[in-house]
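Numbering (the numbering used here), first residue to last: 3 to 228.
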């Protein structure tokens, strides 16, 4: 099973992940209205690029926006969670060894202790987000079983990775569960809310361009409403 998960299953899941998210991005851009968006964006290209970059940057910085600052608990939980689910898959030392063997290349790896800390941060942040979805009425109202299932799958991936890393429990089972759940995330990403891995940048860029080009951005300067 581990041979299958580290071989053909991984390559299939990675192909679905990359091709699916590229398709979602293309369809997002194609869905923009020519009169309302694309013409205005093309007319003020420089201002638009600056606005898009500024919007993305501000939302990637903890407490960098009014929205983040108004929801301190959510901000902390969100960034803790994403530290684990974004940085660990891309830069964890063990993942980079696997990536090198499977694909022939890898990214620079985090120090082992830092990677462990990030994984723990991700798990803690995921638990906090789960509690938020369950306990806050205004969030629970918009939460369905698919949201909980996706979050649960991410938590299983983080937990099984930590357990296999420290060899707590049956190692082969934990490693296999970690690989299987991680590859399920790759496969499901283009078809679920996990697609925000790519669409976040598209939507934030669009809003940044809107405020830089169409809503008085040329006279507002850096005073964006976030």
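Virtual Cβ for every residue (Gly too), placed ideally from N, Cα, C.
All figures in this text were calculated on a predicted structure; none of them were measured in a lab.
**Item:** Cβ-based neighbour list, residue 114, same chain, cut-off 7 Å, excluding 5 preceding and 5 following
**Value:** So the list reads 95, once near-sequence residues are dropped.
**Message:** Using the three-state DSSP reduction, which class does residue 2 fall into: helix, strand or coil?
**Reply:** Lying before the first or after the last residue shown, residue 2 is absent from the chain, which here runs from 3 to 228.
**Cα-Cα separation between residue 14 and residue 3, rounded to whole angstroms** = Rounded to whole angstroms, the gap between the alpha carbons of residue 14 and residue 3 is 15 Å.
**Prompt:** By the 10 Å Cβ neighbour count, where 16 or more other Cβ atoms means buried, how is residue 147 classified, buried or exposed?
**Reply:** Result: exposed.
**Asked** For residue 202, does the three-state DSSP call read helix, strand or coil?
**Response** It is helical.
**Asked** Given that a residue counts as buried once 16 or more other Cβ atoms are within 10 Å of its Cβ, and exposed if not, what is residue 142?
**Response** Answer is exposed; the Cβ neighbour count stays below 16.
**Prompt:** Short check: CB of residue 86 to CB of residue 125, under 8 Å?
**Reply:** The answer is yes: Cβ separation under 8 Å.
**Request:** Just the C-alpha distance for residue 18 and residue 91, rounded to the nearest angstrom, thanks.
**Result:** Distance between residue 18 and residue 91, taken at the CA atoms: about 17 Å.
**Request:** Identify whether residue 3 lies in helix, strand or coil by the three-state DSSP scheme.
**Result:** Here residue 3 sits in coil by DSSP.
**Message:** Do residue 93 and residue 105 have their beta-carbon atoms positioned less than 8 Å apart in this structure?
**Reply:** No; because the gap between Cβ atoms is not below 8 Å, this pair is not in contact.
**Request:** Only counting runs of 4 or more residues, tell me where the alpha helix (DSSP H) segments fall wholly within the stretch 7-80, in order along the chain.
**Result:** Here the runs fully enclosed are 10-32, 41-45, 47-61, 68-72.
**Asked** Any idea if residue 209 is buried or exposed, counting beta-carbon neighbours within 10 angstroms, 16 or more meaning buried?
**Response** When all chains shown are included, residue 209 counts as buried.
**Request:** Give me the Cβ distance between residue 127 and residue 89, rounded to the nearest whole Å; I'm assuming they're in contact under 8 Å.
**Result:** Actually they do not touch by this definition, with Cβ atoms about 12 Å apart.
**Message:** For a quick check, are the C-beta atoms of residue 197 and residue 26 less than 8 Å apart?
**Reply:** Yes.
**Message:** Suppose you measure from the CA of residue 228 to the CA of residue 119; what does that come to, to the nearest Å?
**Reply:** Per-residue confidence for residue 228 stands at a pLDDT of 48, beneath the threshold of 50, marking its modelled position as unreliable; the derived number appears in the next sentence. The straight-line gap from Cα to Cα measures roughly 31 Å.
**Asked** Would you say residue 187 and residue 159 are within 8 Å of each other, going by their C-beta atoms?
**Response** The beta carbons of residue 187 and residue 159 sit closer together than 8 Å.
**Item:** C-alpha gap between residue 63 and residue 57, whole angstroms
**Value:** Cα to Cα, residue 63 sits roughly 10 Å from residue 57.
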